[in-house]
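Quick note on my numbering: the sequence shown kicks off at 373 and runs consecutively. Comments concern the structure below.
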Amino acid sequence: PDFLEPLVAAMEADPGIGAASPKIRYYHEPERIQYAGGTAVDPLHGQARWVGSGEVDRGQHDRSGETEMGHGAALLIRRRVLEEVGLLGGDYFIYYEELDFGTRLRRAGWRAHYAAESVVWHKESVTVGKASPLKTEFQTRNRLLYLRRNAAGWRRAFALAWVGGLVTPSHALRHAIRGQWAHVRAVGRGLAWHASHPRAQDLAPDERLRPTHRAVPHRHAARTRPAPLRPLAPVSR
373 PDFLEPLVAA
383 MEADPGIGAA
393 SPKIRYYHEP
403 ERIQYAGGTA
413 VDPLHGQARW
423 VGSGEVDRGQ
433 HDRSGETEMG
443 HGAALLIRRR
453 VLEEVGLLGG
463 DYFIYYEELD
473 FGTRLRRAGW
483 RAHYAAESVV
493 WHKESVTVGK
503 ASPLKTEFQT
513 RNRLLYLRRN
523 AAGWRRAFAL
533 AWVGGLVTPS
543 HALRHAIRGQ
553 WAHVRAVGRG
563 LAWHASHPRA
573 QDLAPDERLR
583 PTHRAVPHRH
593 AARTRPAPLR
603 PLAPVSR
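Laid out in structure tokens, this is it:
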């Protein structure tokens, strides 16, 4: 209860905050932290880290403030951001969509906020299961998709070679050694998707919205009155 008010208050107090996430704890381990802020995605490895993940909450992450990444399990997004940046990319389906969104958010000049005063409890991986082949497939696929879309230049070439040519095959080998053949096939499907989608990095997020007013830098938002907004179109999932 009362988780929403601190998120709204933070965004009302600072017009530069584009999205905000609360502290997140595990539902089945109520005192253990899943998220207390997030790091930026490593451009060479395609991974981010959730601050405090796995720690027992003793108040060590009770300071609210700017963070690199919000968490998709609980993310309040300013409507203006949705108009300028777009929605979370639906082609990711599961995993990495909030990291892609967070990267686009910061690239557009907005900031993410961690609100420690707000707490929610998350039933992790209920949709696909914590150790399911589907999770393996989409984590494999979407890690590479994120790099294809967000890395650039030599970093992009190195990251794709490193993750696609070494890290991902090593994951498949680890599953094979454990006799987890369904996961081996899942890794293969995740890689094969990229072979059949050679231009995936060129696709804009498929749920981008059309701005209803001329975009202005958000740092001037408090002094600029935009034109009236039309209702958002319904999103089908």
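Yeah, the Cβ is synthetic: ideal placement off N, Cα and C, and Gly gets one too.
Residue i, DSSP secondary structure in three states
i	result
R595	Low local confidence applies: a pLDDT of 33 at R595 is under 50, so the model's placement there is unreliable, and no value is given.
L601	Note that L601 scores a pLDDT of 39, beneath 50, so its modelled location is shaky; the value from the coordinates is reported in the next line. The answer is coil: DSSP assigns L601 none of H, G, I, E or B.
A484	strand
E427	coil
E455	helix
L448	strand
G462	helix
G525	helix
A391	strand
E496	coil
H547	helix
P583	Only weak support exists for where P583 lies, its pLDDT of 41 falling under 50; the coordinates are left without a value.
Cross-strand partners of residue i (DSSP beta bridge)
i	result
Y407	I396
V413	Per DSSP, none; premise fails for V413.
R433	Per the sequence presented here, residue 433 reads as His, with Arg not at that position. Per DSSP, none; premise fails for H433.
First through last residue of the alpha helix (DSSP H) which encompasses residue i
i	result
V539	Here V539 belongs to no alpha helix (DSSP H), and DSSP marks it neither H nor E.
G562	553-567
E469	469-479
K507	505-522
E401	Taken as a continuous stretch (DSSP letters only), E401 belongs to no alpha helix (DSSP H), as it is neither H nor E.
P570	Here P570 belongs to no alpha helix (DSSP H), and DSSP marks it neither H nor E.
P378	376-385
Rounded C-alpha distance that separates residue i from residue j
i	j	result
Q511	D472	13 Å
I449	G458	11 Å
A385	G410	21 Å
L376	G537	43 Å
A487	I405	14 Å
V559	A420	20 Å
E438	V491	17 Å
G462	S436	29 Å
H443	E470	7 Å
A381	L454	19 Å
R521	R561	19 Å
S568	R513	12 Å
P373	L379	13 Å
A445	P541	29 Å
W493	A484	20 Å
P583	A554	Only weak support exists for where P583 lies, its pLDDT of 41 falling under 50; the coordinates are left without a value.
E496	T475	23 Å
Extent of the continuous beta strand (DSSP E) to which residue i belongs
i	result
E438	437-439
Between the segment 378-398 and the segment 501-519, do at least 3 Cβ pairs fall closer than 8 Å? no
With a threshold of 8 Å, are at least 3 pairs of Cβ atoms found where one atom belongs to the segment 523-540 and the other to the segment 478-485? no
Is the number of C-beta pairs between the segment 545-552 and the segment 424-439 that are closer than 8 Å three or more? no
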